[in-house]
Every structure is written in C-alpha cells, then in structure tokens.
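Worksheet: the structure to be examined is printed underneath.
Residue numbers (full-length UniProt numbering): 1 to 490.
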C-alpha cells in the first residue's frame, strides 16, 4: 500500500508540472501571428477581386482585413497594396497609405516599397512626385541606398524634362549618406552618351577610375559608340587604346564602327591596321570590316592595296557580297581595266551574288570616261536582258556621256525618257544639259529643262544662268517673254 501511495503521488505531481508548462506557452505565438497575416491577406485579395468600382479606396479594405484578426499590416501587406494601387495609376490613394505607414509602422520598412513606387511614378512621367518620394524615405524606418537612387535616376535620365532634376538629386543623395554604385554611374554615363555630351562622358569615366569604381565593358562600349558619332579619328583611336589598356577588347561591330570613321577621314592605313589588330587579338574580321577598308583604298586610288585586300578576302574564306564586288569593280574601272571589270560580273553570278543597278552604273561610268561607246551600248542591252532597272544615277551617267560627245539631241531625248520613267537626274546633269543646249542654240529645249528644274525646286548654277541669258539675242523677244513668265509663275 505504501508503494502504491508513492506512485500515485508521483503521477499527480507530474501532471501538475505539465499543466504549469502548458500555461507558460503564450496563446498567440509567432506561428499564430503568421497564420493570421496569411488569412488577412487572403481575405484582402478576395475582396479586391470582388470590387466593381475601379476608383474605390483600397487601403481601408486592407486595414479592416487585418483588424479582424487584431493585428497590424506587415511589410508584405504594405508592399502589396502600394504595388497594386500604383500599377493601376491610382496615385491619389498613395499619400494616405504612406502617412499610415510612417505613423504606425513598428518595423523596418523595406526600401523596395519606395523603389517600386518611384518606378511607377517614373513610368507615369510623374517625375517630380518620384523625386518627392525619394526625399521622403528618411522619414520612415528605412535606410535609403543605391536601389532607390538608381530607380529615380533611371527615369530622370530617360526623359529630357527629368535631366535638370538630376544634379539636385545627386547632391541630396550625398546628404542622405547614399553611396553611388557602379550601376548608378552606368545610368549617368548612359544619359550623357544619349545626349552626346562627349567631354562629360569621358570625364565621368575618368572620375570612376580615380574613385576606385570599376567601369565595365558596357560603359566603354557606350562611350566608344558616342565617339564614333561625335569625335575625330585621333580622339577615337586614343580612347580605343585606353579601352584595351583597361582590359576590354572591342567587338567586331565596334571595330567596324571605328573603321568607318577612319575611312570617312581618309585614314585608310589606320583602318587597315585595325584589321590586323583584330586578327592578332583572335577576332576574325567579317566581310563588312573588309568592305569598308576596300572602299577606302579604292577612294584613295591605291589599286595595289585593293588587289591585295580582295585576294585576302578570298584567302580568309569570306564570301564577297554585292558591296565587295562593286568596290572592286570600281577600282578596275578607275584603272581602265574594263574587260576585267566586265568579267567580274560573270564571276559574281558563279558565286551566287547577283549584280545590281549600281554594279552596271559603275561599268557604264567607266566606259563613258574611256569613251567606249559600243561597250556602253552592250552594257545597256545586257541590263535590259537581265531585268536590271535604270535609276537616276544611270540616266545621269548616260546623259553626261552623250553631252561630253556633243550629242545634245540624243541627250535631250534620253532626258525626256527619264522624266517619263519618273526618275530625276542629279542637279549637275540638269546644269550640264542646260548649258550644252544653249551652246547648240537649242533654246526651246533649254527652256523646257529650266521649267523642269524649277518645278522640282532645283536652282540652276550661275554658269547655267549666264549661258542661258547670253544666248538670248535682241530678236528673241517671244522667248524672253516666256522666260519672264516662267520666273513669275515659279
């Protein structure tokens, strides 16, 4: 009996101890709070789905859903409602939400709430409101960083009306103890490049290196692209060297852009050097790279280099395109090697590259310069047979060729044919035709050419006017009156 009494007493004491431990566990633990928050958000989302009025005030619904569980909205709830309201452009409801958040939040407010809101204001072109939100961040339990600064700068730099606000934002961000990141400077550099501020872009890139920021390849590419548009060849080559020293090699497309600038400035040897550098860096120049340099050598009448470069293209295994052949054929014509130039058209066909109007224009121009009339006729026939349409340049070449041989009647007929086809010759051809017709005393035709020029808003050169007026003699009153009427009508 004594043993039984001891066991019963021990069991009773154990039960009392367990009851005491249970009483120590709070009724509303963290798990319970999390559960209530989830339930409140589910109710809130359900009520949002039932809303019929698009202008209805959303925030009171959120508060009521949370008050039902005797809890306050958490950061996720605020983030959700701000995002919901701002994405639907219900910006008039934002101040009330932020006021409540500022006055009642007992937690650290996530910066992403403000960054997202700034983003939506920026998309809506409400730039001043976005700036105000940025400055207001410090009034919350939130430490602003480059996250919100970048969000603001991205939209300010994107629009012309936002650019004047950038300087103040940068000054104030320093007072807010926000340290710009490389991504921040990337945004600023992009804005400078878009607005073609060459000196400022170069200075910013320099400052980044001094302040121990590390410019990336994209930044160098943006500045290189800007310099290709705005800088001269010397500055461009200097920057290219700095870019390589920083460890960034240009892409093939970037090399092509630099080469084009060099060719425009007549620095063909420098352009060719870049081709050599590309190969030494393990980058294979494409046909566009070679075309630019080939054209440069052709324009410089460096025919030996043209031949060598064309051979190099074939050795490299690159497939010449229409521009490659046109540049090469033009070089042959400039050398007077018309037969080889014509043979190249046959080679083009074998390589699957169909000659175009410009190809035949180059041949025609070469024949006209060489005085090869019969060859010109054969080329014209070949163009018709191959279905190659004539353009304004074709007519200008042929008309100028006929005028050079003194065949004004044929030239005028071709001029009329050109007008009937809807084409327009170069203004130099109009002036040349006008002068030659006057010299041949074909004043009626000359007046018609003048009328056509005035109709197309083309102004005759001083020599054409002098030649025309000189041919009017005292006995040509009728024609003179017609000329006066033309000038008055137009």
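Where a beta carbon is used, it is the ideal one built from N, C-alpha and C, also for glycine.
All of these numbers come straight from a predicted model, not from anything done at the bench.
Grab the span of the alpha helix (DSSP H) containing residue 459 for me, first residue to last. For residue 459, there is no enclosing alpha helix (DSSP H), as DSSP gives it neither H nor E.
Have a look at residue 271 and residue 255 and give me their C-alpha separation to the nearest angstrom. Each residue's Cα considered, the two are about 9 Å apart.
Measure the beta-carbon distance from residue 113 to residue 130 and round it to whole angstroms, keeping in mind my assumption that it falls under 8 Å. A Cβ-Cβ distance of about 14 Å is found for the pair residue 113 and residue 130, leaving them out of contact under the 8 Å criterion.
Quick check on the burial criterion: 16 or more other C-beta atoms within 10 angstroms. Buried or exposed for residue 374? Label assigned to residue 374: exposed.
Under 8 Å, with one C-beta from each stretch per pair, do the region 166-178 and the region 200-216 reach the 3-pair mark? Too few Cβ pairs lie closer than 8 Å, so no.
Pairs of beta-carbons, one from the region 273-284 and one from the region 295-304, closer than 8 Å: are there three or more? Two segments are said to touch when three or more pairs of C-beta atoms, one from each, lie closer than 8 Å; by this definition the region 273-284 does not touch the region 295-304.
Only counting the same chain, and skipping five residues up and downstream in sequence, which positions put a Cβ closer than 7 Å to that of residue 338? Counting only Cβ-Cβ distances below 7 Å, and skipping sequence neighbours, we find 366, 367, 370, 372, 375.
DSSP-derived helix/strand/coil call for residue 81: It is helical.
Which two residues bound the contiguous alpha helix (DSSP H) that contains residue 70? Going by DSSP, residue 70 is part of no alpha helix (DSSP H) at all; its letter is neither H nor E.
Where does residue 348 fall in DSSP's three states? Helix.
State yes or no: is the C-beta of residue 102 within less than 8 Å of the C-beta of residue 139? Remark: C-beta atoms of residue 102 and residue 139 approach each other more closely than 8 Å.
Rounded to a whole number of angstroms, what is the C-alpha to C-alpha distance between residue 286 and residue 205? Using only the alpha carbons, I get a separation of about 30 Å.
Decide if residue 316 is buried, meaning its Cβ has at least 16 other Cβ atoms within 10 Å, or exposed. It counts as exposed.
Range of the contiguous alpha helix (DSSP H) that encloses residue 45: Secondary structure note for residue 45: its alpha helix (DSSP H) is the uninterrupted segment 30-50.
Once DSSP output is grouped into helix, strand and coil, what is the label at residue 319? Annotated three-state conformation of residue 319 is coil, per DSSP.
Spatial distance of residue 397 from residue 358 (CA atoms): If you draw a straight line from the Cα of residue 397 to the Cα of residue 358, it comes to about 11 Å.
C-alpha gap between residue 141 and residue 75, whole angstroms: Between residue 141 and residue 75, the C-alpha separation is close to 12 Å.
Over the uninterrupted alpha helix (DSSP H) stretch that includes residue 168, give me the two end residues. Here the alpha helix (DSSP H) through residue 168 covers 163-175.
Is the separation between the beta-carbon of residue 127 and that of residue 155 shorter than 8 Å? With respect to the 8 Å criterion, residue 127 and residue 155 are classified as neighbours on the basis of their beta carbons.
Measure the alpha-carbon distance for residue 422 versus residue 221 and round it to whole angstroms. For residue 422 and residue 221, the distance between alpha carbons rounds to 44 Å.
Neighbourhood of residue 304 by C-beta distance below 6 Å, restricted to the same chain and skipping five residues each side: In its own chain, leaving out the 5 sequence neighbours on each side, no residue places its CB closer than 6 Å to the CB of residue 304.
Can you tell me the Cβ-Cβ gap for residue 309 and residue 290, rounded? I've got them flagged as a contact below 8 Å. Right, the Cβ-Cβ distance comes to about 7 Å (below 8 Å), so this counts as a contact.
Rounded C-beta distance between residue 191 and residue 228? I'm assuming under 8 Å. Not really, about 18 Å apart at Cβ, beyond 8 Å.
What would DSSP say about residue 257, mapped onto helix, strand or coil? Helix at residue 257.
Please work out which residues of its chain come closer than 6 Å, Cβ to Cβ, to residue 21, disregarding the five sequence neighbours upstream and downstream, and give them in chain order. Residue confidence is low: residue 21 scores 44 on pLDDT, short of 50, so the model does not pin down where it sits. Its coordinate-derived value is still stated next. If we look at residue 21 and ignore the five residues flanking it on each side, it has no Cβ neighbours.
What are the boundary residues of the alpha helix (DSSP H) that residue 129 is part of? For residue 129, the enclosing alpha helix (DSSP H) starts and ends at 127-136.
What do you get for residue 469, buried or exposed, if any count of 16 or more other CB atoms within 10 angstroms of its CB means buried? By the Cβ-count criterion, residue 469 is exposed, with fewer than 16 other Cβ atoms from all chains shown falling within 10 Å of its own Cβ.
Report yes if the CB atom of residue 257 is closer than 8 Å to the CB atom of residue 234, and no otherwise. Between residue 257 and residue 234, the C-beta gap is not smaller than 8 Å, which leaves the two residues out of contact.
Does DSSP put residue 246 in a helix, a strand or coil? Residue 246 falls in the coil class under three-state DSSP.
If I follow the unbroken alpha helix (DSSP H) through residue 201, where does it start and stop? Element bounds for residue 201: 198-210.
What residues in its chain sit with their C-beta under 6 Å from that of residue 65, if we drop five residues either side in the sequence? Counting only Cβ-Cβ distances below 6 Å, and skipping sequence neighbours, we find 40, 43, 44.
What are the start and end residues of each continuous alpha helix (DSSP H) run of 4 or more residues lying completely inside the region 273-342, in chain order? Correct list: 287-299, 303-315, 322-334.
Give the C-beta separation of residue 330 and residue 379 to the nearest angstrom, bearing in mind that I take them to be a contact with Cβ-Cβ under 8 Å. Not really, about 15 Å apart at Cβ, beyond 8 Å.
For residue 263 and residue 293, I'd like the C-alpha separation in whole angstroms. Roughly 7 Å separates the two Cα atoms.
Curious, which full-length beta strand (DSSP E) runs of at least 3 residues does the UniProt repeat "PPR" (426-460) contain? Counting only runs that start and end inside the UniProt repeat "PPR" (426-460), there is no beta strand (DSSP E) element of at least 3 residues.
From which residue to which residue does the alpha helix (DSSP H) around residue 368 run? That run of the alpha helix (DSSP H) goes 357-370.
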